[in-house]
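Note that the numbering used here has the sequence shown beginning at 2, numbered continuously upward.
In what follows, a structure is listed as structure tokens, so that the remarks can point back to it.
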Amino acid sequence: MTTLSTLNKFKKDGIKFTCLTCYDAMFARMMDKAQIDTILIGDSLGMVVQGHNSTLPVTVSDMAYHTANVARSNKQALILADLPFMSYVTLADAIANSRQLMQAGAHVIKVEGGSELCDLVTTLANAGTPTCVHLGLTPQSVNVFGGYKIQGRTDDTADKLLADAQAVVAAGAALLVLECVPAKLAKLVTATVSVPVIGIGAGADTDGQVLVMHDMLGMVHGRVPRFVHDFLTDVRNSDHSIEGAFALYQQAVREGSFPTEQHQFS
Ligand code: KIV
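Pasting the structure below:
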């Protein structure tokens with residue numbers, strides 16, 4: 002079974018690892034079979050499962066329900082679950098809501114933000130709950146950003162992102178996610194911090210890669226993001242099966258053939 006120690010060893014040894022979002026039992030079983038290293042019950046479920054146009058309507062109960070469905074059915078992967086929008090503004094809320102997700106089967110709690118999360122990260126770590134801090138394009142802040150935009154493109158925003166990453170790691174964060182940031186910045190953050198960094202739209206140099214499951218199966222509503230590859234119709238997935246797509250993604254990330262330059266931002 003994959004644990005945080007496994008991912009730390011992967012980072013040390015330069016072995017790239019996979020993460021996919023997952024929201025239900027059947028896909029969790031298939032990911033188990035394909036040996037996907039980590040699974041994220043992402044609040045992206047608000048968009049791909051519930052049909053909202055952002056992640057904001059997702060509740061802690063929704064997250065606990067989907068986390069339990071996945072956790073029951075996957076034996077191998079490290080399971081990350083998102084605390085949804087406004088569910089961790091106070092430490093008391095963060096503790097109660099993390100407890101609910103951990104008791105539903107999560108191994109790590111993911112939160113979006115920067116150095117303002119340091120107290121929360123330390124408090125949860127001291128209470129036996131590892132955190133993954135999501136930086137860069139943090140979809141819960143879409144209304145602050147004014148849209149889903151690449152982050153960290155100016156010197157000031159890049160410096161701030163690096164400082165935020167260092168601060169949350171010093172506070173005890175176990176993992177980082179970097180979303181939609183220039184590949185050069187993601188490489189720098191990954192080389193600077195001691196914990197594994199998972200990228201999405203962040204280039205090939207992060208320690209791990211994550212994609213939304215629906216995206217990598219070609220089920221995209223509207224514009225296909227630059228960082229997405231359709232592994233279902235990829236010729237290397239000869240029978241175009243879902244299990245084949247998961248296995249191909251695992252293989253492509255491990256061997257370094259995904260992502261390529263065409264999937265990254267500068
Ligand atoms: O909710 C989600 O699926 C995520 C990933 C895009 C990293 O946060």
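Virtual Cβ for every residue (Gly too), placed ideally from N, Cα, C.
Nearest to residue 106 by C-alpha distance, out of 163, 72, 57, 167, is 72.
Going by C-alpha positions, residue 235 is about 29 Å away from residue 14. Not one heavy atom of the ligand KIV falls within 7 Å of the beta-carbon of residue 208. Sixteen is the threshold: since fewer than 16 other Cβ atoms of the shown chains lie within 10 Å of the Cβ of residue 256, the residue is exposed. The secondary-structure analysis by DSSP pairs residue 262 with nothing; it has no beta-bridge partner. 8 Å or more divides the Cβ of residue 27 from the Cβ of residue 78. When DSSP states are grouped into helix, strand and coil, residue 200 belongs to the strand group.
Residue 83 carries a strand assignment under DSSP once its states are collapsed to helix, strand and coil.
When DSSP reads this structure, residue 18 sits in a beta bridge with 209. 202 is the residue among 9, 22, 202, 137 whose C-alpha sits nearest the C-alpha of residue 229.
For residue 25, the distance from the CB to the nearest heavy atom of the ligand KIV is not below 7 Å. Those residues that have a beta carbon less than 7 Å away from any non-hydrogen atom of the ligand KIV are, in order along the chain, 22, 41, 43, 44, 45, 56, 83, 111, 135, 140, 178, 180, 201, 211, 213. Assigned with DSSP and collapsed to three states, residue 13 falls in helix.
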